[in-house]
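Using this note's numbering, read the sequence shown as starting at 241 and increasing by one per residue.
Just so you know, even glycine gets a beta-carbon here, dropped at the ideal spot from N, CA and C.
Everything below concerns the one structure shown next.
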Amino acid sequence: MFDTATGRMVPVGAIVIEGEKITAVVPAGEEFVPPAGAQVLAAEGKYLIPGLIDGHVHLVHVLNSLQITADELMPLFLANGITTLRDVGDEIVAQKLLAKYAEAHPSTAPRVILGSLLIDSNPPYHQFISWPLTDPAKVPTFVADMSTWGVQTFKIYVGTGRPVAQAVIREAHQRGKWVTAHLAWNYRAQDAVEDGIDSLEHIDSIYSFMLPPETPRWPPPAERAGMKAKELADLQRQILEIRARVDFDQPAPLALVDALVRKKVAVNPTLVVYRNWMLLRDLPAVHEHPDLQKIPARLREGWRRTAAANPLDPTTQELRRQQFKLLEALTARLYHAEVELLVGTDTPVQFCPPGFALHQEMELLVESGLPPAAVLIAATRNNARAINQTAELGSIAVGKRADLVLLAADPLADIRNTRKIDRVVHGGQVCDPAVLLSLVPTQ
Ligand SMILES: [Zn+2]
Numbered sequence: 241m242f243d244t245a246t247g248r249m250v251p252v253g254a255i256v257i258e259g260e261k262i263t264a265v266v267p268a269g270e271e272f273v274p275p276a277g278a279q280v281l282a283a284e285g286k287y288l289i290p291g292l293i294d295g296h297v298h299l300v301h302v303l304n305s306l307q308i309t310a311d312e313l314m315p316l317f318l319a320n321g322i323t324t325l326r327d328v329g330d331e332i333v334a335q336k337l338l339a340k341y342a343e344a345h346p347s348t349a350p351r352v353i354l355g356s357l358l359i360d361s362n363p364p365y366h367q368f369i370s371w372p373l374t375d376p377a378k379v380p381t382f383v384a385d386m387s388t389w390g391v392q393t394f395k396i397y398v399g400t401g402r403p404v405a406q407a408v409i410r411e412a413h414q415r416g417k418w419v420t421a422h423l424a425w426n427y428r429a430q431d432a433v434e435d436g437i438d439s440l441e442h443i444d445s446i447y448s449f450m451l452p453p454e455t456p457r458w459p460p461p462a463e464r465a466g467m468k469a470k471e472l473a474d475l476q477r478q479i480l481e482i483r484a485r486v487d488f489d490q491p492a493p494l495a496l497v498d499a500l501v502r503k504k505v506a507v508n509p510t511l512v513v514y515r516n517w518m519l520l521r522d523l524p525a526v527h528e529h530p531d532l533q534k535i536p537a538r539l540r541e542g543w544r545r546t547a548a549a550n551p552l553d554p555t556t557q558e559l560r561r562q563q564f565k566l567l568e569a570l571t572a573r574l575y576h577a578e579v580e581l582l583v584g585t586d587t588p589v590q591f592c593p594p595g596f597a598l599h600q601e602m603e604l605l606v607e608s609g610l611p612p613a614a615v616l617i618a619a620t621r622n623n624a625r626a627i628n629q630t631a632e633l634g635s636i637a638v639g640k641r642a643d644l645v646l647l648a649a650d651p652l653a654d655i656r657n658t659r660k661i662d663r664v665v666h667g668g669q670v671c672d673p674a675v676l677l678s679l680v681p682t683q
């Protein structure tokens, strides 16, 4: 089994599960007789890892717009070894209903840890899943209300100003909650880190604040609406050219990495959404990825329609590739600087298929230069910390929830082996991934 404390595979004789919990880990070589009536799952020669956690999902808004239901979606996660989801921004009532659905269907659905609506300015960037907050005095009521719903993660979004953000961090921390952010315009990463934020979502929430000061600013939607297409395209290319050659050894980028380390801020790179949607969706390897054949057709076709309506300029593809390489390089730098990394996907944003996208993200983290063991630790132990569940989740140990993935091959030899799933155990229930996938209509 994989030991998240050392990053090593250790031989083990048996794992005993009673109800939802692990009650014994029997060392290799020790005599062990299964209790009478126990269901025995033979695992000789196989590799056991803790249940994976997708640390960045939005379960509600895309599913609403494409009319996908929980029974079509949730088995995809569990079939991929994902036993817990960290929602980071969604409409709260539907999210709560999904969480209740998941609780009632543990053999087909992973556990859902709730996130707040996106905290944003007015008007917000995403109309239906945001809560506009411009007055810090209104923050305590919002944080209290979200806490009543059972929210664990508070998410500051692109338009939030610093006074509101500071109030959110203060109020949420008083309630033992985690505060994260996707930053772009009004709140600098440097400020968020100094203000005590717990994590930053998306590598771009850091990268954007490492650009040289002469970089033109990409205007918010309201300003873009008043600009001509040619003017916007020229501006976009100009920004891309600067973004494709950022020097991380300049004082400002170095200082930001140091601050992330000093203030112990975790970073969730979500490289997969940059490759699959924002930067390189025009690569056939992305939009024709075999994983896309295993998801509901409405989801796949909906994504293709959105992509067709938002074509990328083929003449900028090389610049976009270079930028993606830099996002990977920055991720590796953060890892080597000992910034704690989380693993998330932004599914179901376009071309990030539920469940499968986490394996793609882990593959991209290894491609960036992380060792497979570090990636597995991030997707289990680190992600469990980000949802305040270290006592329950994130490692294989007595007293923890029996969330386990049994693999047919060693993931430390090749991270792609996390796809070779023999069985998934979710809260003690043994699930067959082939059966779970067969529940999802793909045509
Ligand atoms: Zn997101």
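- Query: Relative to ligand 1, is the shortest distance from any of its heavy atoms to the C-beta of D586 smaller than 8 Å?
  - Reply: For ligand 1, a non-hydrogen atom lies closer than 8 Å to the CB of D586.
- Query: Is the Cβ-Cβ distance between P554 and D522 less than 9 Å?
  - Reply: Yes.
- Task: Figure out for me which residue from Q367, D487, P380, K417 has the closest Cα to the Cα of D390.
- Result: First, the residue type needs correcting, since residue 390 is Gly and not Asp in the sequence shown. With distances taken between Cα atoms, G390 lies closest to K417.
- Task: Note down, one range per segment and in chain order, each alpha helix (DSSP H) of at least 4 residues found wholly within the stretch 625 to 681.
- Result: The qualifying runs are 673 to 678.
- Item | Span separating the alpha-carbon of A618 from that of R561 | Taken atom to atom, the span from the alpha-carbon of A618 to that of R561 is near 25 Å.
- Chain-order list of residues whose beta-carbon lies under 6 Å from that of M386 (same chain, five-residue window excluded): Non-local beta-carbon contacts of M386 in its own chain, meaning distances under 6 Å to residues more than five positions away in sequence, involve S356 in chain order.
- Message: Following a CB-centred definition, is E331 positioned closer than 8 Å to any heavy atom of ligand 1?
- Response: Look at E331: its beta carbon is at least 8 Å from all of the heavy atoms in ligand 1.
- Message: When you measure from the CB of V328 to every non-hydrogen atom of ligand 3, does any distance come out below 8 Å?
- Response: Summarising the ligand content, the structure contains ligand 1 and does not contain ligand 3.
- Is it the case that the Cβ atoms of A424 and S439 are separated by a distance below 9 Å? It is not a contact, given that the beta carbons lie outside the stated cut-off.
- By Cβ distance below 7 Å, which residues in the same chain neighbour P612 in space, the five residues on each side in sequence not counted? Exclusion of the five residues before and after P612 leaves V606, P651, L652, I655 as the residues of its chain whose Cβ lies within less than 7 Å of its Cβ.
- Task: Would you kindly report the start and end of the unbroken alpha helix (DSSP H) that includes T388?
- Result: Start and end: 379 to 388.
- Burial state of T309 (16 or more Cβ within 10 Å): By the neighbour-count rule (16 or more Cβ atoms within 10 Å), T309 is not buried but exposed.
- Query: What are the start and end residues of the alpha helix (DSSP H) that includes K336?
  - Reply: Looking at the DSSP string, the run of the alpha helix (DSSP H) that includes K336 is 332 to 344.
- Task: Tell me whether H298 counts as near ligand 1, meaning its Cβ is closer than 8 Å to at least one heavy atom of that ligand.
- Result: At least one heavy atom of ligand 1 falls within 8 Å of the beta-carbon of H298.
- How would you call G291, buried or exposed, if buried means at least 16 neighbouring beta carbons within 10 angstroms? Counting other Cβ atoms within 10 Å of its Cβ, G291 reaches 16 or more and is therefore classed as buried.
- Message: Can you look up K504 in the DSSP assignment and give me helix, strand or coil?
- Response: Under the three-state reduction of DSSP output, K504 falls in the coil class, being neither helix nor strand.
- Message: Per DSSP, what are the beta-bridge partners of E258 in this structure?
- Response: E258 is bridged by DSSP to K261.
- Between E284, A283, T263, which lies nearest to P275 when the distance is taken from Cα to Cα? Sorting E284, A283, T263 by C-alpha distance to the C-alpha of P275 places T263 at the top.
- Query: What number of angstroms, rounded off, separates the C-alpha of P594 from the C-alpha of P588?
  - Reply: One C-alpha to the other measures close to 6 Å.
- Residue closest to R538, alpha-carbon to alpha-carbon, out of Y514, V265, E454, P681: Per the Cα distances, P681.
- Ignore the nearest five residues each way along the sequence and tell me which others in Q335's own chain have a CB closer than 7 Å to its CB. Setting aside the 5 residues that flank it on each side, Q335 is surrounded in the same chain by L299, V300, D327, L354, each with a C-beta closer than 7 Å to its C-beta; the list follows chain order.
- Query: When you compare each of N623, F394, T630, M314 to D294 by their alpha carbons, which one comes out closest?
  - Reply: Here the closest residue by C-alpha is N623.
- Message: Measuring straight from C-alpha to C-alpha, what distance separates Y575 and N426?
- Response: Here the alpha carbon of Y575 sits roughly 27 Å from the alpha carbon of N426.
- Message: When you compare the stretch 462 to 480 with the stretch 497 to 510, are there three or more beta-carbon pairs, one atom per stretch, that lie closer than 8 Å?
- Response: Flag = no, the stretch 462 to 480 and the stretch 497 to 510 do not touch.
- Message: Using only the alpha-carbon positions, how far apart do G542 and P536 sit?
- Response: Distance between the alpha carbons of G542 and P536: 10 Å.
- Message: Would R351 and T393 be called neighbours here (beta carbons separated by less than 9 Å)?
- Response: No, Cβ-Cβ distance for R351 and T393 is not below 9 Å.
- Whole angstroms is fine: what's the gap from I289's alpha carbon to L646's? In this model, I289 and L646 are separated by some 7 Å (Cα to Cα).
- Item | Proximity to L582 [Cα-Cα], best of V280, V297, V265 | Here the closest residue by C-alpha is V297.
- Query: Excluding sequence positions up to five away, which residues of its chain have a Cβ less than 8 Å from the Cβ of I369?
  - Reply: So the qualifying residues of the chain are H298, V300, H301, G329, D330, E331, L357, L358.
- Item | CA-to-CA distance, A648 to L598, given in whole angstroms | Answer to the nearest angstrom: the Cα atoms are 18 Å apart.
- Query: Considering only C-alpha positions, which residue in the set E558, F488, M518 is nearest to A577?
  - Reply: Distance from the Cα of A577 is smallest, within the candidate group E558, F488, M518, for F488.
- Message: If distances are taken between C-alpha atoms only, which option among V252, S305, V265, E260 comes closest to A637?
- Response: Here the closest residue by C-alpha is V265.
- Item | Stretch-stretch touch, CB-based, cutoff 8 Å, three pairs: the stretch 624 to 632 with the stretch 245 to 255 | Taking 8 Å as the limit for Cβ pairs, the verdict is that the stretch 245 to 255 does not touch the stretch 624 to 632.
- Query: From this set, D643, P524, A569, R545, which residue's C-alpha is nearest L610's C-alpha?
  - Reply: Checked all of D643, P524, A569, R545; the closest Cα to L610 is A569.
- Item | Reference E528; option with closest CA among N508, C592, A282, R485 | Ranked by how close their Cα comes to the Cα of E528, the residues N508, C592, A282, R485 have C592 in first place.
- Q290 by DSSP, collapsed to three states: which one? Here residue 290 is Pro; the residue named in the question, Gln, does not match the sequence. In the three-state DSSP reduction, P290 falls in the strand class (E or B).
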